[in-house]
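Residue numbers (the working numbering): 65 to 515. Using N, Cα and C, we set each Cβ at its ideal position, and we do this for glycine too. Comments concern the structure below.
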Amino acid sequence: MPKTAAPPSVRIITLGCPKNLVDTEAMCGNLALDGFLMTNDEEEADITLINTCSFINAARKESEGEIRQALKWKRARRGRRVVVTGCLPQRDLPLARRKFPQVDLFVGLDDEPEIVRKVKALLNHQKPEEVRDQYGAPTYVYDAETPRLLLTSPHTTYIKIAEGCDHTCTYCAIPMIRGKQRSRSTESIVKEARGLIAQGVREINLIAQDSTRYGTDRQDGANIRDLLTQLDAIDGDFWMRILYAYPRTFPVDLIPQMAQSPHLVPYIDMPLQHIAPAMLKTMGRIMPADATRELMWKLREGVPGIAIRTTFIVGFPGETDADFEELYDFVREFRFERMGVFCYSPEEGTPALNLKSKPVPQAVSEARRDRLMQLQQEISLARNEGLVRTRMKVIVEGPTAPGQFVGRSYADAPDIDNLVHFTGPDDAYEKGFVEVEITGADPYDLFGNAV
Numbered sequence: 065m066p067k068t069a070a071p072p073s074v075r076i077i078t079l080g081c082p083k084n085l086v087d088t089e090a091m092c093g094n095l096a097l098d099g100f101l102m103t104n105d106e107e108e109a110d111i112t113l114i115n116t117c118s119f120i121n122a123a124r125k126e127s128e129g130e131i132r133q134a135l136k137w138k139r140a141r142r143g144r145r146v147v148v149t150g151c152l153p154q155r156d157l158p159l160a161r162r163k164f165p166q167v168d169l170f171v172g173l174d175d176e177p178e179i180v181r182k183v184k185a186l187l188n189h190q191k192p193e194e195v196r197d198q199y200g201a202p203t204y205v206y207d208a209e210t211p212r213l214l215l216t217s218p219h220t221t222y223i224k225i226a227e228g229c230d231h232t233c234t235y236c237a238i239p240m241i242r243g244k245q246r247s248r249s250t251e252s253i254v255k256e257a258r259g260l261i262a263q264g265v266r267e268i269n270l271i272a273q274d275s276t277r278y279g280t281d282r283q284d285g286a287n288i289r290d291l292l293t294q295l296d297a298i299d300g301d302f303w304m305r306i307l308y309a310y311p312r313t314f315p316v317d318l319i320p321q322m323a324q325s326p327h328l329v330p331y332i333d334m335p336l337q338h339i340a341p342a343m344l345k346t347m348g349r350i351m352p353a354d355a356t357r358e359l360m361w362k363l364r365e366g367v368p369g370i371a372i373r374t375t376f377i378v379g380f381p382g383e384t385d386a387d388f389e390e391l392y393d394f395v396r397e398f399r400f401e402r403m404g405v406f407c408y409s410p411e412e413g414t415p416a417l418n419l420k421s422k423p424v425p426q427a428v429s430e431a432r433r434d435r436l437m438q439l440q441q442e443i444s445l446a447r448n449e450g451l452v453r454t455r456m457k458v459i460v461e462g463p464t465a466p467g468q469f470v471g472r473s474y475a476d477a478p479d480i481d482n483l484v485h486f487t488g489p490d491d492a493y494e495k496g497f498v499e500v501e502i503t504g505a506d507p508y509d510l511f512g513n514a515v
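This is the structure we're talking about:
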């Protein structure tokens, strides 16, 4: 009998935020369902698929570096293919083609559901896509029927509840890349969550560009409060977490619901970007500094034990020493549980490029970033040291050695926050959750033993 050809193998590289990761999982799900094999071994792979990020310059450089490495891999053996998807071709397809003419296939956001058809056409030496000069504003958002191949640890995952953004921050290219906000139906989200929990997922991270604004673009009355109520009604021992809330549109009546929810952990990721009034105005953040401070204290007082994560941008055009000192004092006063700081990245097509204010020198931006992060390190160490000799519920990420594991507390979102390193029985990983007694701390991690 003739030997049957092995199905094509695909190596996946996904870059950027969890929202991008969900897109990758959906493409992998469609490919796997059609018989493609997934592999981490570049020697076994026939196709390298890179889902790119293009949010800021650093992300573009990372994406372009991965593409160059993939093209080098392609040249090493005849018949290999490189497919580039996501924000890089979506943002500027002609530029991507000029920079990387050896890429076999570019796929924009709306074409990701067609990944199987396009890749099959590519392998059959057919024209894999209609000829485009540029991608328009995307409209697609996946639903509960979309197959997903989870690429996270078995106990944790993300659910994208909406796509796109309607805000007009002057520094941000996301609306230009991802399009207008489009929320999924509550029914679709709840159905997906129920299925994931039945599979053994113990942590669901709800994500969107502005998660708590969920539903405001729909005509059926969907909103974040009702969505959380329905998710809370699902049976099981699981956590929910809200990532990426926007302060101006945050519904204050959500605070008591957060405090009383049986599944929603007391955690919120709310990028504030700055606190100096002049900077907020120039950034197009609209919400005044006083109102921002008031909201932060309402969250701190209204949700016992809440962990608040935020991010700030330093070096934005026109940021003075006084503006930065106001931000520094705010961080020192409020003592955020989790915080990140970025230097301003000029983005083509954004209003910030047309500001008359002088750009802040890169060295000054980096010094301000480092100073803020040093302050946050001191705050984080003090908070962690206060947890020594306490016990906490930890979701297990995986083993690091026999009898040694790594996990996260409720105050830690996947990939971006702190870790809990602990010793425990060999079956700790299978449990999903364990109770850990904390015996040590450093600025960003905790150490302990499973009880």
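Can you tell me which of the three DSSP states Y206 falls into?
Position 142 of the sequence shown, counting from 1, holds the residue named residue 206. Three-state DSSP puts Y206 in coil, outside helix and strand.
Nearest-angstrom Cα distance between M65 and L95?
Mapped onto the sequence shown, residue 65 falls at position 1. Mapped onto the sequence shown, residue 95 falls at position 31. Below a pLDDT of 50, predicted positions are generally treated as unreliable, and M65, at 40, falls in that range; the measurement from the model is reported next regardless. Looking at the two C-alpha atoms, the distance is approximately 28 angstroms.
S497 and L436: beta carbons closer than 8 angstroms?
Along the sequence shown, one-based indexing puts residue 497 at 433. Along the sequence shown, one-based indexing puts residue 436 at 372. The residue asked about is misnamed: residue 497 is Phe in this sequence, not Ser. For the pair F497 and L436, the CB atoms are not nearer than the 8 angstroms cut-off.
Strictly by DSSP, which residues pair up with N115?
For this step, residue 115 is matched to residue 51 along the sequence shown. BP columns for N115 point to T78 and T149.
Please return the same chain residues whose Cβ sits closer than 8 angstroms to the Cβ of P320, not counting the five positions on each side in sequence.
To locate residue 320, count along the sequence shown from 1; it is residue 256. If we look at P320 and ignore the five residues flanking it on each side, its Cβ neighbours are G366.
Which of helix, strand or coil does DSSP assign to K457?
Position 393 of the sequence shown, counted from the start, is the residue given in the question as residue 457. Reduced to three states, the DSSP call for K457 is strand.
Three-way DSSP call (helix, strand, coil) for E501 in this model:
As a position in the sequence shown, residue 501 is number 437, starting the count at 1. Reduced to three states, the DSSP call for E501 is strand.
So if DSSP puts W303 in a beta bridge, which residue, or which two residues, is it bridged to?
Taking the first residue of the sequence shown as position 1, residue 303 is located at position 239. By DSSP's assignment, W303 forms a beta bridge with E267.
Quick one, are the C-beta atoms of R242 and C229 less than 8 angstroms apart?
On the sequence shown, residue 242 is found 178 positions in, with the first residue counted as 1. On the sequence shown, residue 229 is found 165 positions in, with the first residue counted as 1. Taking 8 angstroms as the Cβ cut-off, R242 and C229 qualify as a contacting pair.
Tell me whether G259 sits in a helix, a strand or coil according to DSSP, three-state version.
In the sequence shown, residue 259 corresponds to position 195, counting from 1. Secondary structure at G259: helix, using DSSP grouped into helix, strand and coil.
State the Cα-Cα distance for the pair R364 and P326, rounded to the nearest angstrom.
Here the question's residue 364 lines up with position 300 in the sequence shown. Here the question's residue 326 lines up with position 262 in the sequence shown. Going by the C-alpha atoms only, they are around 18 angstroms apart.
DSSP beta-bridge partners of R246:
Here residue 246 refers to the residue found at position 182 when the sequence shown is read from its first residue. In DSSP, R246 forms a bridge with E227.
Below 8 angstroms between beta carbons: does that hold for D333 and R373?
To locate residue 333, count along the sequence shown from 1; it is residue 269. To locate residue 373, count along the sequence shown from 1; it is residue 309. With contacts defined as CB atoms closer than 8 angstroms, D333 and R373 qualify as a contacting pair.
Have a look at S249 and G172 and give me their C-alpha separation to the nearest angstrom.
Looking up residue 249 in the sequence shown gives position 185. Looking up residue 172 in the sequence shown gives position 108. Those two C-alpha atoms are separated by around 23 angstroms.
If you run the structure through DSSP and keep just helix, strand and coil, what is T216?
Counted from its first residue, the sequence shown places residue 216 at position 152. In this structure, T216 counts as coil in the three-state DSSP scheme.
Assuming I253 contacts I225 under a Cβ cut-off of 8 angstroms, what Cβ separation, rounded to an integer in Å, is found between them?
Counting from 1 along the sequence shown, the entry for residue 253 is found at position 189. Counting from 1 along the sequence shown, the entry for residue 225 is found at position 161. Contact between I253 and I225 holds: CB atoms are separated by about 5 angstroms, below the 8 angstroms threshold.
What is the DSSP secondary structure of I241, reduced to helix, strand or coil?
In the sequence shown, the residue the question calls residue 241 occupies position 177. Taken through DSSP and simplified to helix, strand or coil, I241 comes out as helix.
R402 in three-state terms, based on DSSP:
Looking up residue 402 in the sequence shown gives position 338. Three-state DSSP puts R402 in a strand.
Could you please give the first and the last residue of the uninterrupted beta strand (DSSP E) stretch that includes T276?
Numbered from 1 along the sequence shown, position 212 holds the residue referred to as residue 276. For T276, there is no enclosing beta strand (DSSP E), as DSSP gives it neither H nor E.
Could you check whether R455 and V500 sit closer than 8 angstroms to each other, using their CB atoms as the reference points?
Looking up residue 500 in the sequence shown gives position 436. Looking up residue 455 in the sequence shown gives position 391. Yes; because the gap between Cβ atoms is below 8 angstroms, this pair is in contact.
From the DSSP output, which residues share a beta bridge with L135?
Taking the sequence shown and counting its residues from 1, one reaches residue 135 at position 71. In the DSSP output, where bridge partners are listed per residue, L135 has none listed.
Going by DSSP, what residues sit across from C407 in a beta bridge?
Here residue 407 corresponds to residue number 343 of the sequence shown, with the count starting at 1. BP columns for C407 point to V378.
Whole-number beta carbon distance between T346 and T234, since they are thought to touch under 8 angstroms
Within the sequence shown, numbered from 1, the residue matching residue 234 stands at position 170. Within the sequence shown, numbered from 1, the residue matching residue 346 stands at position 282. Contact flag correct, Cβ pair sits at about 7 angstroms.
Nearest-angstrom Cα separation, counted from L391 out to W361:
Against the sequence shown, residue 361 aligns to sequence position 297. Against the sequence shown, residue 391 aligns to sequence position 327. Cα-Cα distance, rounded: 16 angstroms.
Just to confirm, is the Cβ distance from G517 to V484 under 8 angstroms?
Given a span of 65 to 515 for the chain in the structure shown, any question on residue 517 remains unanswerable.
Quickly, what does DSSP pair F511 with across the bridge? List them, please.
The residue you call residue 511 lines up with position 447 of the sequence shown. For F511, which the question treats as bridged, DSSP gives the partners H485 and G504.
Proximity of S409 and I120 at Cβ, strictly below 8 angstroms
On the sequence shown, residue 409 is found 345 positions in, with the first residue counted as 1. On the sequence shown, residue 120 is found 56 positions in, with the first residue counted as 1. Yes.
Could you check the C-alpha separation between T103 and D207 for me, to the nearest Å?
Within the sequence shown, the letter at position 39 stands for residue 103. Within the sequence shown, the letter at position 143 stands for residue 207. When rounded, the distance between both Cα atoms is 26 angstroms.
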